[in-house]
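Worksheet: the structure to be examined is printed underneath.
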Amino acid sequence: NYTVTYVAGTLTITPPPAPVITSFTPQNAIAGTTVTITGTNLTDASAVSFGGAAASSVTVNSPTSVSAVVGSGSSGVISLTTPGGTTTLPGFSFVYSLPATNFRLSTVSATCKGSANGSVTIDAAKNLNYTATITGNGVNTSYPFVQKKVISALAAGTYQLCITVAGQAGYRQCFDVVITEPKDLSLYSTVNEDQNTVTLNLDGANQYSIRLNGVDYSSSTGLITLPLAEGTNSLQVSTDKLCQGVIEKTITILKRIVPFPDPFTNMLKINFGSQNISTITVEIFSVADGKTVYSKKFSNISGVLQLDVSDLKSGIFAMHVHMDNHEKIFKIFKK
Numbered sequence: 018n019y020t021v022t023y024v025a026g027t028l029t030i031t032p033p034p035a036p037v038i039t040s041f042t043p044q045n046a047i048a049g050t051t052v053t054i055t056g057t058n059l060t061d062a063s064a065v066s067f068g069g070a071a072a073s074s075v076t077v078n079s080p081t082s083v084s085a086v087v088g089s090g091s092s093g094v095i096s097l098t099t100p101g102g103t104t105t106l107p108g109f110s111f112v113y114s115l116p117a118t119n120f121r122l123s124t125v126s127a128t129c130k131g132s133a134n135g136s137v138t139i140d141a142a143k144n145l146n147y148t149a150t151i152t153g154n155g156v157n158t159s160y161p162f163v164q165k166k167v168i169s170a171l172a173a174g175t176y177q178l179c180i181t182v183a184g185q186a187g188y189r190q191c192f193d194v195v196i197t198e199p200k201d202l203s204l205y206s207t208v209n210e211d212q213n214t215v216t217l218n219l220d221g222a223n224q225y226s227i228r229l230n231g232v233d234y235s236s237s238t239g240l241i242t243l244p245l246a247e248g249t250n251s252l253q254v255s256t257d258k259l260c261q262g263v264i265e266k267t268i269t270i271l272k273r274i275v276p277f278p279d280p281f282t283n284m285l286k287i288n289f290g291s292q293n294i295s296t297i298t299v300e301i302f303s304v305a306d307g308k309t310v311y312s313k314k315f316s317n318i319s320g321v322l323q324l325d326v327s328d329l330k331s332g333i334f335a336m337h338v339h340m341d342n343h344e345k346i347f348k349i350f351k352k
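For what it's worth, the working numbering labels the leading residue of the sequence shown as 18, then goes sequentially.
Here it is, written out as structure tokens:
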């Protein structure tokens with residue numbers, strides 16, 4: 018693109034002016050970043066390179082401004098070419114990067130509390146020469162891989178996992194990795210004696226196996242209501258992990274116990290029905306001041322138990338009936 022001028026027999030040929038780069042921004046960039054180059058005589062810029070690697074696109078904004086998109090890139094000088102020549106300016110730093118979705122991490126929990134058999138799996142979208150370094154909980158180990166790596170033998174805890182790429186000294190991507198472990202198996206039971214049922218609230222696992230009076234049940238929610246039989250009920254709870262053990266519990270459902278008459282005078286009777294109870298302790302407390310006004314222990318009781326309470330004054334009392342490992346509380350009134 019030369020300028021040709023003919024005046025009075027004289028032919029003058031003027032070459033296009035040489036381009037000059039005065040600055041560019043940003044000075045540090047990853048692939049895909051648009052870099053704005055400022056200078057003079059930049060019209061008709063045809064090529065731009067970053068550290069010798071060609072830009073993926075070039076746009077002339079004005080005679081003093083050009084926009085270029087960083088391609089694969091490398092650090093070094095920026096070079097710009099127009100019909101007037103090529104100009105360079107040093108100071109560009111190419112920052113190597115990978116897509117945010119290049120690495121996918123998945124973890125497997127330790128199977129039991131205190132076990133060191135958890136793991137983390139790294140899947141890379143691009144096949145490159147990677148090195149994964151995991152640190153934390155007494156671990157500091159590096160693993161080379163290309164596309165996939167499973168790091169095993171991990172105890173429960175928090176680790177830092179950092180990945181580097183061979184030949185890219187400035188690249189390092191880190192992740193926090195948490196390996197979990199099962200909680201302790203816990204059981205909280207609520208008995209409904211009116212409906213002869215027990216509601217179990219379970220925690221510590223995803224799947225529970227329950228055996229009540231020889232019948233097997235299962236639950237994945239941790240909340241289940243089961244029927245109880247009169248008398249002694251045997252309950253065992255376990256999970257899909259043997260190391261969590263078994264919780265065993267005995268639940269006693271007694272037939273309805275009725276104190277009568279109400280109100281009473283000198284004799285108070287308690288009907289235990291046909292069940293035989295090895296040990297019974299009856300305590301009566303004054304509601305007015307909380308003092309114990311009657312206490313007596315009985316053995317091998319069934320049917321109707323008669324209590325001589327002629328010494329009690331008139332008033333309202335709380336009667337506690339302890340039967341083996343069971344307790345009933347009644348509010349009673351003496352005339």
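We put the CB at the ideal spot given by N, CA and C, even for glycine. From a predicted model like this one, the values you see are computed outputs, not experimental measurements.
Query                                                                                                                                                               : Result
Go ahead and label Y205 buried or exposed: buried means 16 or more other beta carbons lie within 10 angstroms of its beta carbon, across all protein chains shown.  : exposed
Applying the 10 Å Cβ sphere with the 16-neighbour rule, what's the burial state of A64?                                                                             : exposed
In chain order, what residues of the same chain have a beta carbon less than 6 Å from the beta carbon of N250, not counting five sequence neighbours either side?   : N230, I268
Suppose you measure from the CA of N146 to the CA of K266; what does that come to, to the nearest Å?                                                                : 57 Å
In angstroms with no decimal places, state the Cα-to-Cα distance between I346 and D279.                                                                             : 15 Å
Closest by CA to V75, which one among S84, F67, G68?                                                                                                                : S84
Tell me whether the beta-carbon of T55 lies closer than 7 Å to the beta-carbon of T31.                                                                              : no
Using beta-carbon positions only, say whether I294 and M340 come within less than 7 Å of one another.                                                               : yes
Say whether the region 237-249 touches the region 210-217, bearing in mind that this needs 3 or more beta-carbon pairs closer than 8 Å, one atom from each stretch. : yes
For M336, does the count of other Cβ atoms within 10 angstroms reach 16, so buried, or fall short, so exposed?                                                      : buried
So, helix, strand or coil for L259, using DSSP?                                                                                                                     : helix
What beta strand (DSSP E) runs, 3 residues minimum, are completely inside the region 146-216?                                                                       : 147-153, 156-162, 165-171, 174-182, 185-196, 203-209
Report the three-state DSSP secondary structure of A46 (helix, strand or coil).                                                                                     : strand
Please decide whether S295 counts as near chain D, where near means a Cβ-Cβ distance under 7 Å.                                                                     : Within the model displayed, chain D is absent; a lone protein chain is all it includes.
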